[in-house]
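Asks: Sharing a structure, written as structure tokens. Questions coming.
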Ligand code: SAM
Ligand code: SF4
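Residue numbers (the numbering used here): 6 to 334.
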């Protein structure tokens, strides 16, 4: 079992996209009320008083769309400044990135994961559900700006959806040929919208690799980060290819993370809520920092027993109906 030293912090559950595998049109989403979001100071207090003393050193800001959170740059700066912070990263859909990239970089953020599901503007818009207004160009400009500013590694994440963007796997992989980018293919998880795709909901990573192998060949590689991806490279390419195979493989044994939701719930596992803690309410009710630390320590001890392997339980309890944007993906 890996030491758990990585915290994913959701800053907001809202988003300016409605990706059909995450927040599909028509999904019932009960957004967190503004007053229930952890404040900037509460996040810093929890990091300094609870998580860092327990050994957490790596942080990722996510959502929903974290760039919608007012003050995101200041929060990056304050987390990057904490002496214990070894790594800070952010996941974004890049729509607002052209505007934020330089400020985020200057504030101490050097690693970005960007969702990009298609290079075709029409397919892209269909996936992100814009209601007719194209968002491709501004998103691509955001990615270009992040590249110009110098984010390294710059990772692009693609959820491969059968019948929608599977035909673009080679085009997306080709982005790594002459750019030092890291394109990662994620197996679709039937959460949030489990009914959407029917029987062939996800394509095993091995199948994607066989398409790429046939075209160019593939060799094993490495890339900096905390990810659960299996990493490869097209021979001679500048960038790498990652495969996140949570459906076809179980990587619970390698899991080094916990998740803090935007309203302050600490979850030990993406799909298993056993033992989760409401840190925000307790903090606001005056529970002391050492007491909260003790509770988190208890959850850390429990974590090896709580895992994704038990995901069938999630189906029974309806856990699968919680979207990634609500959990803090
Ligand atoms: N809005 C940001 C973004 O899209 O990068 C950050 C939050 S988003 C929830 C984080 C990641 O979760 C994205 O890479 C997205 O593709 C992934 N994701 C969301 N729903 C998913 C699902 N059902 N299966 C697999 N990945 C999913
Ligand atoms: Fe928004 Fe990210 Fe979910 Fe897409 S995957 S709807 S961009 S939170």
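Note that the Cβ used here is the ideal one computed from N, Cα and C, for glycine as well.
Fair warning: this is a prediction, and the values are worked out from it, not measured in the lab.
Quick one: measure Cβ to Cβ for residue 189 and residue 161, integer angstroms, because I've assumed they're closer than 8 Å.
Replies: Along the chain shown, one-based indexing puts residue 189 at 184. Along the chain shown, one-based indexing puts residue 161 at 156. Right, the Cβ-Cβ distance comes to about 7 Å (below 8 Å), so this counts as a contact.
Asks: Which residues, in chain order, sit with a beta-carbon under 6 Å away from any heavy atom of ligand 3?
Replies: As far as ligands go, the structure on display features ligand 1 and ligand 2 and does not contain ligand 3.
Asks: Who are the near neighbours of residue 330 in its chain, counting only those whose CB is closer than 7 Å to its CB and skipping five residues on each side?
Replies: Counting from one through the chain shown, the residue named residue 330 turns up at place 325. Here the set comprises 18, 20, 27, 28, 68, 69.
Asks: Between residue 57 and the rest of its own chain, which residues show a CB-CB distance below 7 Å, the 5 nearest in sequence each way excluded?
Replies: Position 52 of the chain shown holds residue 57. If we look at residue 57 and ignore the five residues flanking it on each side, its Cβ neighbours are 87, 89.
Asks: Could you tell me whether the segment 127-141 touches the segment 108-115, where touching means 3 or more Cβ pairs closer than 8 Å?
Replies: In short, these stretches do not touch, since the Cβ pair count stays below three.
Asks: Name the one or two DSSP bridge partners that residue 277 has.
Replies: Numbered from 1 along the chain shown, position 272 holds the residue referred to as residue 277. 274.
Asks: Give, in chain order, every unbroken run of the beta strand (DSSP E) that is at least 3 residues long and sits entirely within the segment 64-146.
Replies: Runs of the beta strand (DSSP E) inside the segment 64-146: 92-97, 116-120.
Asks: Quick check: what's the CA-CA separation for residue 279 versus residue 104?
Replies: For this step, residue 279 is matched to residue 274 along the chain shown. For this step, residue 104 is matched to residue 99 along the chain shown. Whole-angstrom Cα-Cα distance: 39 Å.
Asks: Answer yes or no: the CB of residue 30 versus the heavy atoms of ligand 1, is any distance below 8 Å?
Replies: If you number the chain shown from 1, residue 30 lands on position 25. For ligand 1, not one heavy atom lies less than 8 Å from the Cβ of residue 30.
Asks: Within the continuous beta strand (DSSP E) that includes residue 245, where are the two ends?
Replies: Numbered from its first residue, the chain shown carries residue 245 at position 240. Element bounds for residue 245: 245-249.
Asks: Give me the residue from 310, 217, 275 with the minimum Cα distance to residue 12.
Replies: For the purposes of this step, residue 12 is identified with residue 7 of the chain shown, where counting begins at 1. The shortest C-alpha separation from residue 12 is found at 275.
Asks: Going by the CB atoms, is the gap between residue 81 and residue 109 shorter than 9 Å?
Replies: On the chain shown, position 104 is the one that residue 109 refers to. On the chain shown, position 76 is the one that residue 81 refers to. A contact, by the Cβ cut-off of 9 Å.
Asks: Please report the residue range of the beta strand (DSSP E) in which residue 235 lies.
Replies: Counting from one through the chain shown, the residue named residue 235 turns up at place 230. Element bounds for residue 235: 235-238.
Asks: Can you find at least 3 beta carbon pairs, one from the segment 221-240 and one from the segment 179-196, that sit closer than 8 Å?
Replies: These segments touch.
Asks: Of all the options 310, 309, 285, which has the alpha carbon lying nearest to the alpha carbon of residue 298?
Replies: Here residue 298 refers to the residue found at position 293 when the chain shown is read from its first residue. It is 285.
Asks: Buried or exposed for residue 323, please, with buried defined as at least 16 other CB atoms from any protein chain shown within 10 angstroms of its CB.
Replies: Residue numbering aside, residue 323 sits at position 318 when the chain shown is read from its first letter. Only weak support exists for where residue 323 lies, its pLDDT of 46 falling under 50; the value from the coordinates is given anyway. By the 10 Å Cβ count, residue 323 comes out exposed.
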